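Heads up: the sequence shown at position 65 corresponds to 65 in the UniProt record's numbering, and the numbers run straight through without jumps. In what follows, a structure is listed as structure tokens, so that the remarks can point back to it.
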Amino acid sequence: MKRLLIAEYLKTRRRYVLVCSLCIIALQIAWLLAGNYDEEALRDGWMMFLYQLPLINAIFVPLFCAVVASRLCDIEHKGLMLKQLCVCAPKGALYDAKLLYGAAHVVLALCVQFAAVYVFGIVRGFAGEFPIRLYALYALFTIVVSLGTYLLQHILSLLIKNQTIPFIVGAAGTFIGLFSMFLPQLPWLRKLFIWGYYGVFMFIGNDWDSATRTNHFYYMDIDWLAFAVLLAALALLYWIGRTLFCKKEV
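Quick look at the structure:
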């Protein structure tokens, strides 16, 4: 596995996958942090970010995962690269190595996001202590859902030679996830698609008082059953994708 991961790095180091990943996350962070921060925003800054981040992730992360998976997998579809690799290593090991390498890009990008939010809040002067427990929960849910999103894109990019199709799926996922978040009266819609789980695990709500023009952020119960179901579904998706790839003619 170590040799395969090193091979992934050597094959893609001039494709600037990491640079591309960080540029997308930088755009996401710039969008999140932009704006004027008045007294109310500084007072509720930590909670405000926990409320806004799932929405912004639903917009950016599906496209981000589609780009990374496509950049890592399309090189294998050129010429006889995939056939040559399958001669040197088992298909299952190749599948796992490419998945781990791409997942590392996703986790690294999300860690940059977490760090940027923390540093900005401290420097900007958000009131109160940093709610480490709430942000740990946010990190857990975000990483799991994002890795699930990347797993889907990884499978599509490996199985389909035309990378336009996986990218269209990623773009559609952005709209599906965003659309489902604006329909809280249809919770089943969020749970039907992997991209909707950014909304499923959104545990900070907001009440807008039109009279005083102030926000009230509050904690919501977490659907741990949905989290367990999601983990089981991702394990099944991993197995299905790996099986299909191992049976694929190259």
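Even glycine gets a Cβ: it sits at the ideal position worked out from N, Cα and C. All values derive from a computational prediction rather than experimental measurement.
Residue 154 is positioned such that its CB atom lies no closer than 9 Å to that of residue 17. Under DSSP, residue 217 forms a beta bridge with 206. Exclusion of the five residues before and after residue 32 leaves 56 as the residues of its chain whose Cβ lies within less than 6 Å of its Cβ.
When DSSP assignments are scanned along the region 128-165, the uninterrupted stretches of alpha helix (DSSP H) that are 4 or more residues long and fall wholly within it turn out to be 132-159. Rounded to whole angstroms, residue 131 and residue 84 show a C-alpha spacing of 50 Å.
The continuous stretches of alpha helix (DSSP H) do not include residue 195, and DSSP gives it neither H nor E. In the three-state scheme derived from DSSP, where H, G and I count as helix and E and B as strand, residue 236 is classed as helix. Residue 140 and residue 241 have their C-alpha atoms spaced approximately 24 Å apart. Its chain contains 113 and 116 as the residues whose beta carbon lies nearer than 7 Å to that of residue 29, once the 5 sequence neighbours on both sides are disregarded; these appear in chain order. For residue 52, the enclosing alpha helix (DSSP H) begins and ends at 45-73. Of the candidates 3, 60 and 72, the residue whose Cα lies closest to the Cα of residue 159 is 72.
Between the alpha carbons of residue 9 and residue 215 lies a gap of roughly 46 Å. In this structure, the alpha-carbon of residue 35 lies about 17 Å from that of residue 127.
In the three-state reduction of the DSSP assignment, residue 3 falls in the helix class. If you ignore the 5 residues before and after residue 237, its C-beta comes within less than 8 Å of the C-beta of 148, 151, 152 and 155, all in its own chain and listed in chain order. It is roughly 24 Å from the alpha-carbon of residue 191 to the alpha-carbon of residue 68. The alpha-carbon of residue 70 is positioned some 14 Å away from that of residue 82. Taking 8 Å as the upper bound for CB-CB distance, residue 75 and residue 12 are in contact here, some 7 Å apart.
The C-alpha of residue 93 lies about 8 Å from the C-alpha of residue 4.
For the set 44, 48, 95 and 58, the Cα lying nearest the Cα of residue 244 is the one of 95. Annotation: residue 65 to residue 136 spans about 22 Å, alpha carbon to alpha carbon. Restricting attention to 45, 60 and 14, the CA atom closest to the CA of residue 26 is found in 60.
Per DSSP, reduced to three states, the secondary structure at residue 76 is helical. Rounded to the nearest angstrom, the gap between the Cα atoms of residue 235 and residue 37 is 42 Å. Boundaries of the alpha helix (DSSP H) around residue 97: 91-124. Here residue 62 has 149, 170, 173, 174 and 195 as same chain residues with Cβ atoms under 6 Å from its own Cβ, once five neighbours each way along the sequence are excluded.
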